[in-house]
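Positions 0 to 353 (numbering that gives the first Met the number 0) are the ones given, in order, by the sequence shown.
Don't be surprised by glycine CBs; every beta carbon is placed ideally from N, CA and C.
Note that the coordinates shown come from a computational prediction; the quantities given were computed from them, not determined experimentally.
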Amino acid sequence: MTPPKTPPQRKAIPTSTSPYIVTLVKRLAHPHYVANVLLSVAYPAYHLIAHPEFLETFKIAHYSSYILPAAALILIKVNGSQSAEELIGVVCLYLKVYCVYGFWSIANIPTAAWGATWSGRWRIVLYLLAWLVVFVALPHPPYRGPSMIMPLSSSQLEYLTTPVQQSSSSSKGKGKSTDGNWKKKAQTAKIVELDENGDPIDDESANEGSKDQPKPIELNKEELDGLDSSHYWIIAFNATWSAPCRYFEAVLARCSIKYHKPKVNFGKIEMDMLPDGDSIAGRFNIDLGATTIDLPTLILFKDGEPIERLPPKIGTTKGGTLLGKVGWDRSERSVVTAFELDKLGTGKESFVKR
0 MTPPKTPPQR KAIPTSTSPY IVTLVKRLAH PHYVANVLLS VAYPAYHLIA HPEFLETFKI
60 AHYSSYILPA AALILIKVNG SQSAEELIGV VCLYLKVYCV YGFWSIANIP TAAWGATWSG
120 RWRIVLYLLA WLVVFVALPH PPYRGPSMIM PLSSSQLEYL TTPVQQSSSS SKGKGKSTDG
180 NWKKKAQTAK IVELDENGDP IDDESANEGS KDQPKPIELN KEELDGLDSS HYWIIAFNAT
240 WSAPCRYFEA VLARCSIKYH KPKVNFGKIE MDMLPDGDSI AGRFNIDLGA TTIDLPTLIL
300 FKDGEPIERL PPKIGTTKGG TLLGKVGWDR SERSVVTAFE LDKLGTGKES FVKR
């Protein structure tokens, strides 16, 4: 008898501070961050190379009107950053804007290169071109640090977010565990045989007798492994193009490691990478527009029922229409508070199902 498989998507957890630092350095050594740091110091480096005497005459007081506002703005953003990746990204963005302004301020000064004299505006053009090349060729990498977050497919998401059907006999019982509900839910997940393309092989004889029944959720054995809807599931609804989603994954990864319990699981789904991503977004009232405040969205499920969500919603109408949502800071503290991670899975939760 072969032992049960451990979900391969969950990465190893560091046991001390040293491996965590090594992992952080490896993440920040990605070419994306290295290239952006180089772009961020392009103007100061050019100024020092072209005018080495600048260091001898440099006085902070002379440039205080530029340095102090920039430093204050960066400090505000630093205080609001929730991960090292977000901090690097925000600081580099402001420094690159500063570099554009710096090259623009010396655009009327010609430069000599390759034995010819060039207009100073070429500095701005070349810098913006380099910025564009880095943006296109070296996009923001996905989070690659330690994590206990399980990537989910559409079928797995449907399985975990489909409410368990309670029978009349089970509702009258007292002191029963959720094992019965788990078995009922497991019956709705049909393990199917897949062909070479990953499509289910139709069983005509089985289909003839089940035309009037609800379509079961089709999962293979690997997809069903590790899924138990009777547990608490905190699922992140992401989009790969969203910068807040990319930055927030490091925060959620920390939560998944720190607050992992036998009956508390973390999952994520990339809606823009799925054919039915729009329908998933519509089902959970998530706006995928460019100016949305819904990304990322976290929803806590148990027995297929949504219990709590971030960003928090204002309320719903009698018909279930969402009235609106408010923004949130995507901090670890907000996740811990909203989902009661300290008490989650201990039986001391104070949730009211919505």
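CA-to-CA distance, A252 to T22, given in whole angstroms: T22 and A252: Cα-Cα distance of roughly 13 Å.
Closest Cα partner of L343 within the set L309, K301, D328 and W327: K301
Cβ pair I268, L92 closer than 8 Å: no
Coil, strand or helix - W240 by DSSP: coil
As assigned by DSSP and simplified to three states, the class of R308: In this structure, R308 counts as strand in the three-state DSSP scheme.
When I48, T239 and R245 are compared against V89, the one with the closest alpha-carbon: R245
Check whether A41 and Y126 have beta carbons under 8 Å apart: yes
Same chain only: Cβ atoms within 6 Å of V334, ignoring 5 sequence neighbours per side: When the five nearest sequence neighbours on each side are left out, the beta carbons in the same chain lying within less than 6 Å of the beta carbon of V334 are those of C254, in order along the chain.
Status (buried if at least 16 other CB within 10 Å, exposed otherwise) for H230: buried
Sequence ranges, alpha helix (DSSP H) only - wholly within the segment 81-115, length at least 4: 83-104
Distance between N264 and D178 (C-alpha atoms, nearest Å): In this prediction, D178 scores a pLDDT of 46, lower than 50, which makes its location untrustworthy; no coordinate-derived value is stated.
N35, DSSP secondary structure in three states: In this structure, N35 counts as helix in the three-state DSSP scheme.
Opposing strand residues paired with V263 [DSSP bridges]: Y231 and K260
Paired residues, beta bridge with T296 - DSSP: F236
E339 in three-state terms, based on DSSP: coil
Beta-carbon proximity of H50 to P138, cut-off 8 Å: no
As assigned by DSSP and simplified to three states, the class of I279: helix
Inter-residue spacing [alpha-carbon to alpha-carbon] between Y100 and V33: 21 Å
Inter-residue Cα distance where the pair is I285 and T160: 15 Å
At least 3 beta-carbon pairs within less than 8 Å: the segment 235-250 vs the segment 115-125: Contact between the segment 235-250 and the segment 115-125 is not established, with fewer than three Cβ pairs separated by less than 8 Å.
Beta-carbon gap between V250 and E304 smaller than 8 Å: Not closer than 8 Å, so no.
Rounded C-alpha distance that separates L27 from S39: 15 Å
C-alpha gap between A289 and P109, whole angstroms: 40 Å
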